[in-house]
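Chemist: Taking full-length UniProt numbering, the leading residue of the sequence shown gets 1, the next gets one more, and so forth. Built from N, CA and C at the ideal position, the CB exists for glycine as well. Below is the structure I would like to discuss, written out as structure tokens.
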Amino acid sequence: MPCPGGRPRVSRPVARVFVLTGAGISAESGLGTFRDPGGLWRRFDPMRLATPEAFAREPEEVHAFYNLRRQGVREAAPNAAHAALARLEVGLAARGGGLFLCTQNVDDLHERAGSRSVVHMHGELMRVRCTACGAAAPWAEDLGLDTACPACGRRGGMRPDVVWFGEVPLHLDAIGDALAAADLFVAIGTSGAVYPAAGFVAQARAAGIPTREINLAPSDTAGLFDEATYGPATRAVPDFVAELLDEDLPGRDGPGRDRHGGREA
């Protein structure tokens, strides 16, 4: 049965929460998603812009694309969903638990909202990496062929410190350990189409870990989740965090469709 007022219901106390976030959590901050209608990969060919081969072949075009995206991140601000997860991190720590926040996003909105520990499995757009010496550094400005590496001084080899198609996602060992130790797995704003992240829910289910999806609409892996809430992240995530931390949010009875026990309300 749906929980009263359209708010998610947590069936048992949890101490260790694994949260996976995708592009949907940043959409209300003005950053585009990737695979939805009108998403970036519907308008641009990722094989021309987001592979090592593309960078070797057309570095100026790749830089132009990522410079535009970096500008968008600079101009964006964290939203209520990002802020709620920062609050969840503090709240869980206060009662002896912990939050493992793993994001597929390359923006820095979680950090700017106050999250102290964020695992970027697809890298960070606001960092650069030198293809010559491997040095990485924070970077908020445009990149070009004449950009010199802060470490070795070489020009022309600086790239966004993101994971391109064909490259291995980052921090997989730490992610696997945290998922195995979790009391609850939550996916927020993910498409369920990009692996290995899309497989996390199946891993959690196999380990007997309760699972929840929070999304604007069902993801490709929606059928694998124990419970789900569908609605804007800026509403659904704060409500979920309030429920998890036993907070009171009066007057938050608005839209949001819940699914419990595999049935749609």
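Could you pull out every residue in the same chain whose Cβ sits closer than 6 Å to the Cβ of Arg252, ignoring the five residues on either side in sequence?
Modeler: At Arg252 the pLDDT is 48, less than 50, meaning the model places this residue with poor confidence and gives no usable figure here.
Chemist: May I ask which residues mark the beginning and end of the beta strand (DSSP E) holding Pro160?
Modeler: Counting along the chain, the beta strand (DSSP E) containing Pro160 begins and ends at 158-162.
Chemist: Would Arg70 and Met121 be called neighbours here (beta carbons separated by less than 8 Å)?
Modeler: The answer is no: Cβ separation not under 8 Å.
Chemist: Keeping to the same chain, check which residues put their C-beta closer than 7 Å to that of Gly164; ignore five residues upstream and five downstream.
Modeler: Note that residue 164 corresponds to Trp in the displayed sequence, not to Gly. If we look at Trp164 and ignore the five residues flanking it on each side, its Cβ neighbours are Ala50, Thr51, Pro52.
Chemist: Return helix, strand or coil for Phe65, following the three-state DSSP convention.
Modeler: Helix.
Chemist: Which ranges would you report for the beta strand (DSSP E) in the region 151-228 if only whole runs of at least 3 residues count?
Modeler: You should have 158-162, 184-188, 211-215.
Chemist: Give the DSSP-derived three-state secondary structure of Val14 in the structure shown.
Modeler: Residue state, collapsed to three classes: coil.
Chemist: Got a sec, what are the start and stop residues for the beta strand (DSSP E) His122 sits in?
Modeler: No beta strand (DSSP E) contains His122, which DSSP labels as neither H nor E.
Chemist: What are the residues that DSSP puts in a beta bridge with Cys130?
Modeler: According to DSSP, which records beta bridges pairwise, Cys130 is partnered with Met158.
Chemist: Is Ala197 closer than 8 Å to Phe18 when the C-beta atoms are compared?
Modeler: No, Cβ-Cβ distance for Phe18 and Ala197 is not below 8 Å.
Chemist: I need the straight-line Cα distance from Ile214 to Val241, nearest angstrom please.
Modeler: Roughly 11 Å separates the two Cα atoms.
Chemist: Does Val237 come out as helix, strand or coil in the three-state DSSP assignment?
Modeler: Val237 falls in the helix class under three-state DSSP.
Chemist: State the Cα-Cα distance for the pair Cys130 and Gly157, rounded to the nearest angstrom.
Modeler: The alpha-carbon atoms of Cys130 and Gly157 are separated by roughly 6 Å.
Chemist: Pick helix, strand or coil for Gly98, following the three-state DSSP scheme.
Modeler: DSSP places Gly98 in strand when its eight states are reduced to three.
Chemist: Looking at the unbroken alpha helix (DSSP H) that takes in Pro52, where does it start and where does it end?
Modeler: Run containing Pro52: 52-57, per the alpha helix (DSSP H) assignment.
Chemist: Find out if the Cβ-Cβ distance for the pair Ser29, Asn79 is shorter than 8 Å.
Modeler: Yes, the Cβ-Cβ distance between Ser29 and Asn79 is below 8 Å.
Chemist: Below 8 Å between beta carbons: does that hold for Gln104 and Gly22?
Modeler: Yes, these two residues count as a Cβ contact at 8 Å.
Chemist: Under the assumption that Leu109 contacts His82 (Cβ atoms under 8 Å), give the Cβ distance between them as a whole number of angstroms.
Modeler: Correct: roughly 5 Å between the Cβ atoms.
Chemist: I'd like to know whether the C-beta atoms of Ala222 and Thr229 end up nearer to each other than 8 Å.
Modeler: Not closer than 8 Å, so no.
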